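In order, the protein sequences belong to chains C and U.
Just so you know, we're using the working numbering here: the first sequence kicks off at 302 and counts up by one.
Just so you know, we're using the working numbering here: the second sequence kicks off at 302 and counts up by one.
Here a beta-carbon is modelled for each residue, glycine too, at the ideal position from N, C-alpha and C.
Note that the structure is a prediction, hence the values are computed from the model and not measured.
Number of protein chains: 2
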Amino acid sequence: MAEAPPRAGAIAPGATIGILGGGQLARMLAMAGARLGLKSHVYAPDPQSPAFDVCALSTVAAYEDEAALAAFADSVALVTYEFENVPARSASLLAEHCLVRPGAEALAASQDRLVEKEFLSGLGIATAPFMSVEDESGLARAVAQLGRPSVLKTRRFGYDGKGQALLRDGSDLADAFRSLGGAQAILEGFIAFEKEISVIAARTPDGGFAAYDVCENVHEHHILSVSVAPAAVAPATAEAAVAITRRIAEALDYVGVIAVEMFVTREDGQERLRVNEIAPRVHNSGHWTLDGAATSQFEQHMRAICGWPLGATGRIGGAVEMRNLIGEAAAAWAQILADPDAKLHLYGKAEMRAGRKMGHVTRVIGHSAAKTAAPTLDKAR
Amino acid sequence: MAEAPPRAGAIAPGATIGILGGGQLARMLAMAGARLGLKSHVYAPDPQSPAFDVCALSTVAAYEDEAALAAFADSVALVTYEFENVPARSASLLAEHCLVRPGAEALAASQDRLVEKEFLSGLGIATAPFMSVEDESGLARAVAQLGRPSVLKTRRFGYDGKGQALLRDGSDLADAFRSLGGAQAILEGFIAFEKEISVIAARTPDGGFAAYDVCENVHEHHILSVSVAPAAVAPATAEAAVAITRRIAEALDYVGVIAVEMFVTREDGQERLRVNEIAPRVHNSGHWTLDGAATSQFEQHMRAICGWPLGATGRIGGAVEMRNLIGEAAAAWAQILADPDAKLHLYGKAEMRAGRKMGHVTRVIGHSAAKTAAPTLDKAR
């Protein structure tokens with residue numbers, strides 16, 4: 302789909318960038334933009350949104366509020382977003398008023414797990430085996446086909462493990478289906494993976510593309526816990542992961558930073574990749590770039606959506622570890638500040654709730670000293 | 302002078318830091334604070350102040366508005382500032398309501414060139430030779446004593462070469478005195494220096510101290526043009542410069558980042574130091590730390606004034622060059638963005654005026670590659 306270009310053309314420093322969403326990703330985008338002389342207008346429904354602390358303009362309104370969306374779009378040079386669940390109607394309304402980057406295709410391909418997997422399959426990119434599930438009998442057919450263990454997921458609005466049910470031997474299918482509250486679903490065959498990795502890359506309107514080092518991710522309770530860059534995979538695997546990401550970005554005529562999560566499996570002794578998820582935005586597993594790469598993913602996104610040259614993506618030290626501070630982990634801020642190798646990032650969230658991403662901490666190995674071998678995840682604190 | 306401690310004690314993330322002044326230094330302080338989970342309340346008289354784009358709270362009021370100052374001080378955990386010319390009466394009013402860091406002694410010692418030089422002399426620290434000038438006949442006496450060339454400067458409110466007159470052979474003393482508009486003045490003997498350097502360091506409330514690599518500065522038209530870290534001086538000279546800075550900070554019971562500008566002269570074949578100026582704040586010649594050091598001077602200032610541990614000050618790559626973008630130089634933003642070795646910083650100022658600091662650009666040599674020799678200033682672009 303072509304972008305509506307009512308205000309196309311070069312965007313210069315001094316321009317105002319609209320950001321839908323007011324969480325930590327929007328906050329870090331706004332700060333990266335400010336460093337480049339861009340103003341941010343943050344649009345979010347929650348008046349306590351962390352991004353409101355660092356933006357020039359703010360709108361507190363629902364994502365479905367058409368009058369507020371129109372006024373927002375008219376006040377900015379372009380709109381971007383920090384989350385893929387922007388309502389399709391809101392996205393197209395915004396696109397009538399100003400540039401929206403990444404575009405509607407990227408949103409469509411990432412909002413619905415079935416559409417996403419069909420899109421990937423259409424590009425010849427391996428995923429977990431999957432089947433659409435409309436009802437209980439459909440679930441029974443899918444389980445017969447894909448076996449157990451397998452994972453039943455809602456097609457839409459799932460994140461951090463929400464809207465998922467693991468089907469083991471003996472799991473009751475009716476219970477599992479009911480647990481999704483009647484939502485349209487997809488069954489995914491279980492992947493016995495060795496590692497989870499992700500590629501953070503950026504693409505410009507004229508097709509420029511740059512990827513960061515592939516990073517390796519560890520999830521706990523379905524929430525990202527630690528990322529390490531570079532991932533301990535074969536060079537050919539890392540190259541293949543970047544090539545897959547580029548193919549996806551080109552197929553979507555993508556503009557901005559994109560994140561692609563993949564599983565690394567071992568088949569016949571070789572590492573193989575299966576794409577798990579596409580995120581049309583900056584991504585938690587790219588936070589290490591703030592301290593460990595020449596250009597952060599947030600600056601890179603701003604450069605891409607403004608049509609500016611992409612920044613250098615090389616690491617600026619040795620390996621980098623990024624650890625999320627989830628819930629009470631953020632209470633250790635004073636110890637983290639006392640560690641000369643640690644860089645603390647806190648998101649300004651008032652309430653420290655269990656499971657809530659409060660901040661993150663990065664450690665770059667061998668910043669000024671000789672390069673050190675990549676830390677293994679075991680050693681990572 | 303002891304700090305008034307109505308809200309002493311540890312400051313935690315989530316606290317609001319008051320910043321007097323709304324220019325680029327306040328803007329970069331606010332962003333550094335936000336990264337650490339601090340909110341900023343910026344107080345400045347100009348509604349177009351660049352720092353307003355990145356702060357949680359703002360007050361537009363004059364620096365002498367006592368009601369506004371009191372309300373500001375009551376809304377924050379502590380107040381800091383981006384410029385040394387905070388009116389003494391405003392500073393003491395703020396100190397009745399909350400912590401002010403750095404404290405009143407630092408302001409007193411840096412607001413008045415005569416007081417500053419007498420303070421330094423009292424510590425046994427070399428400066429340019431100086432004499433107080435109250436009137437025209439006093440100027441004649443001072444010139445007879447210190448000779449020509451020498452520099453007549455207002456005692457207060459001088460910056461970037463404003464309020465100065467160079468006295469050469471044949472300069473008319475009456476003209477020079479009148480050019481200062483009758484302000485109290487000081488005559489400084491001319492220093493034939495080889496280099497200008499500065500030390501950026503930080504001190505905590507409990508006496509913790511950390512300095513960055515000494516950097517070398519080049520001024521054009523009295524405005525800082527380029528800084529390079531590390532400075533090309535003998536190791537003993539760099540050590541002496543840091544020791545002088547520490548002595549100054551300790552004598553002032555200083556809290557926060559301090560900058561000390563010095564001249565390097567050669568006497569009997571040896572490098573000697575003479576202190577030119579103390580700035581009780583983050584400093585333009587420390588901007589290289591944003592991209593070239595483990596902790597930026599802005600984060601370091603926030604850590605120090607909050608009573609947190611100081612961050613590591615080591616360089617994270619090779620040598621670093623920081624070049625100011627003054628006036629139209631900022632129009633080259635697109636070329637700078639296309640240079641993979643450059644990091645662009647723009648301050649969000651609406652109007653590109655001659656002599657106005659619009660931004661800066663840093664280049665770190667050998668970030669990810671082998672270390673490179675320090676660039677000479679000649680080669681520096």
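| message | In whole angstroms, give me the CA-to-CA distance for ILE318/U and HIS602/U. | response | 12 Å
| request: Can you pull the chain U residues whose beta carbon is under 9 Å from the beta carbon of MET294/C, in chain order? | output: Nothing can be reported for residue 294/C: it is not among the residues displayed for chain C, which extend from 302 to 682.
| request: Return the residue from the list ALA409/C, ILE627/C, ALA378/C, VAL380/C that minimises the CA-CA distance to ALA389/C. | output: ALA409/C
| request: Output the distance between the C-alpha atoms of ALA316/U and GLY649/C, rounded to the nearest integer angstrom. | output: 9 Å
| query | Which residues in the same chain have their Cβ closer than 7 Å to the Cβ of ALA511/U, if we skip the five residues on either side of it in sequence? | reply | ALA502, ALA503, LEU611, THR614
| request: Using a threshold of 7 Å, state whether the C-beta atoms of GLY593/U and ARG616/U are closer than that. | output: yes
| Exposure label - HIS398/C; buried when at least 16 CB within 10 Å | buried
| field | Which listed residue (LEU394/C, ASP514/C, VAL665/C) has its alpha carbon closest to that of ASP640/C | value | VAL665/C
| request: For ALA560/U, count neighbouring Cβ atoms within 10 angstroms of its own Cβ and tell me buried if that reaches 16, exposed if not. | output: buried
| Residue-level contact to chain C via CB, GLY322/U, 7 Å cutoff | no
| request: Just confirm the distance between the C-beta atoms of ILE320/U and GLU383/U, as a whole number of angstroms; I'd bet it's less than 8 Å. | output: 6 Å
| query | What is the DSSP secondary structure of ALA303/C, reduced to helix, strand or coil? | reply | In this prediction, ALA303/C scores a pLDDT of 40, lower than 50, which makes its location untrustworthy; the coordinate-derived value is nonetheless stated afterwards. Here ALA303/C sits in coil by DSSP.
| request: Rank VAL583/C, ALA542/C, THR505/C by C-alpha distance to the C-alpha of VAL565/C and give the top, closest one. | output: ALA542/C
| Taking the C-alpha atoms as reference points, what is the distance between LYS496/C and GLU600/U? | 35 Å
| said: Which residue marks the beginning of the beta strand (DSSP E) containing ALA735/C, and which one marks its end? | reply: With chain C covering 302 to 682 only, the question about residue 735/C has no answer from this structure.
| field | Minimum Cβ-Cβ distance from LYS658/U to chain C less than 7 Å | value | no
| field | Short Cβ contact (7 Å threshold) for LEU453/C with ALA445/C | value | no
| task | Tell me, please, whether the CB atom of LYS340/C is closer than 7 Å to any CB atom in chain U? | result | yes
| task | Express the C-alpha separation of GLY338/C and THR677/U in angstroms, rounding to a whole number. | result | Caution is warranted here: a pLDDT of 37 is assigned to THR677/U, below 50, making its placement in the model unreliable, and the coordinate value is therefore given only provisionally. Using only the alpha carbons, I get a separation of about 29 Å.
| GLN412/U and GLU437/U closer than 7 Å at C-beta | no
| query | Can a CB atom of chain C be found closer than 7 Å to the CB of ALA639/U? | reply | yes
| field | Backbone secondary structure at ALA389/U - three-state DSSP | value | helix
| query | Based on the DSSP output, what are the partners of GLY557/C in its beta bridges? | reply | ARG504/C
| According to the Cβ coordinates, are VAL558/C and TRP589/C closer than 7 Å? | no
| query | List, in order along the chain, the chain U residues whose C-beta lies closer than 7 Å to that of ALA613/C? | reply | PRO641
| Supposed close pair PHE478/U, LEU440/U - CB separation, criterion 8 Å | 5 Å
| request: Would you mind stating whether ARG414/C and ILE487/C have Cβ atoms separated by less than 7 Å? | output: yes
| request: In the DSSP assignment, find the alpha helix (DSSP H) that holds HIS588/C and state where it starts and stops. | output: Looking at the DSSP string, HIS588/C is not in any alpha helix (DSSP H), and its letter there is neither H nor E.
| query | Name the residues in the segment 484 to 510 of chain C whose C-beta lies less than 9 Å from a C-beta of chain A; which are they? | reply | The displayed structure is made up of protein chains C and U, and chain A is not among them.
| task | Give the straight-line distance between the Cα atoms of ARG654/C and GLU629/C, rounded to the nearest whole angstrom. | result | 7 Å
| Short CB-CB distance (under 7 Å) between TRP686/U and chain C | Residue coverage of chain U in this structure runs from 302 to 682, which leaves residue 686/U outside it and unanswerable.
| What residues in the segment 396 to 407 of chain C have a beta carbon less than 7 Å from any beta carbon of chain U? | none
| field | Buried versus exposed, by CB contacts within 10 Å (16 or more), ASP679/U | value | Confidence at ASP679/U is low in this model, with a pLDDT of 38, below 50, so the placement of that residue should be treated as unreliable; the coordinate-derived value is given next. Counting Cβ neighbours within 10 Å, ASP679/U comes out exposed, since fewer than 16 surround it.
| query | Which runs of the alpha helix (DSSP H) spanning at least 4 residues fall entirely within the segment 516 to 565 of chain C, listed in chain order? | reply | 536 to 552
| alpha helix (DSSP H) segments (min. 4 residues) lying fully within the segment 349 to 405 of chain U | 367 to 375, 389 to 398
| Should ARG547/U be labelled buried (16 or more other beta-carbon atoms within 10 Å of its own) or exposed? | buried
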